[in-house]
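For the sequence shown, this note's numbering begins at -3 and goes up steadily by one. The beta-carbon is built from N, C-alpha and C at its ideal position, and this holds for glycine as well. All of these numbers come straight from a predicted model, not from anything done at the bench. Below is one structure, written out as structure tokens, with a few remarks after it.
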Amino acid sequence: MTLVTTGDILLGCNGDTNGAGTFTAAGGTPGYTFTVDANTTGATTSTTATTLDFTGAGIGVLTVTVTDANGCTQQATINVTEPPAITLATTGDILLNCNGDTNGAGTFTAAGGTPGYTFTVDANTTGATTTTTATTLIYGGRRRLITVTVTDVHAAAARKRPLMSTNHLCWY
């Protein structure tokens, strides 16, 4: 007798609870009974004559034992994992040398989630120019705010809003 699974699952986003899979019994003597030995995923299970299906799984483990009509058993496990949470780091608040300066510069860098990041400048009252590659660079900014959101390929998002400011009044 065998108990075959659909394989381990990597959820699309950190915190997702949409994992689904199947345990399928074959061979032995039909008249299978499925027992869920461990379900740390929060998944809901249902059975047919030859399968145990689950849906709504978050991170964790599902371990199932199948017993055939002769009392023979097989056990299998499906691990459900998730990517790390998406984060957006910045160079922090930017302190310009003088009021009126337009030389503020900084970087936004994404991590976690599932790479394939898209950066969106939601607000830019600094007048800064932005370039977007694997990171987003801002330069030529004056005193004000800039807000950037990063989204990964599964639509998980993070947002940051550093401030460009000055505490100096310069005379030219």
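{"Query": "Just how far apart, CA to CA, sit T20 and V76?", "Result": "18 Å"}
{"Query": "Per DSSP, which one or two residues make a beta bridge with A152?", "Result": "DSSP, once it has assigned bridges, lists no residue as partnering A152."}
{"Query": "Along the chain, where does the beta strand (DSSP E) that runs through A106 open and close?", "Result": "G100 to A107"}
{"Query": "Quickly, what does DSSP pair G15 with across the bridge? List them, please.", "Result": "A53"}
{"Query": "Which of the three DSSP states is assigned to A72 in this structure?", "Result": "strand"}
{"Query": "Mind the definition here: the stretch 32 to 49 touches the stretch 88 to 103 only if three or more C-beta pairs lie below 8 Å; say whether that holds.", "Result": "no"}
{"Query": "Please list, in chain order, all residues of the same chain as W167 whose beta carbon is under 6 Å from its beta carbon, the five residues on each side excluded.", "Result": "Unreliable positioning characterises W167 in this predicted model, as indicated by a pLDDT of 46, which lies under 50. The coordinate reading is nonetheless provided below. Here the set comprises nothing."}
{"Query": "If we call anything under 8 Å between Cβ atoms a contact, is N14 one with G52?", "Result": "yes"}
{"Query": "So, do the stretch 0 to 13 and the stretch 23 to 33 have three or more beta carbon pairs nearer to each other than 8 Å?", "Result": "no"}
{"Query": "Measuring only the C-alpha atoms, how far is L(-1) from Q71?", "Result": "7 Å"}
{"Query": "For A81, report the span of its beta strand (DSSP E) as first-last.", "Result": "First-last for A81: undefined, no H or E at that position."}
{"Query": "Is the Cβ-Cβ distance between T69 and V62 less than 8 Å?", "Result": "yes"}
{"Query": "Taking C-alpha atoms, which residue in A151, N95, G23 and V60 lies nearest to T116?", "Result": "A151"}
{"Query": "I'd like to know if V60 contacts chain C, where contact means its C-beta is closer than 8 Å to some C-beta of that chain.", "Result": "No chain C is part of this structure, which consists of one protein chain only."}
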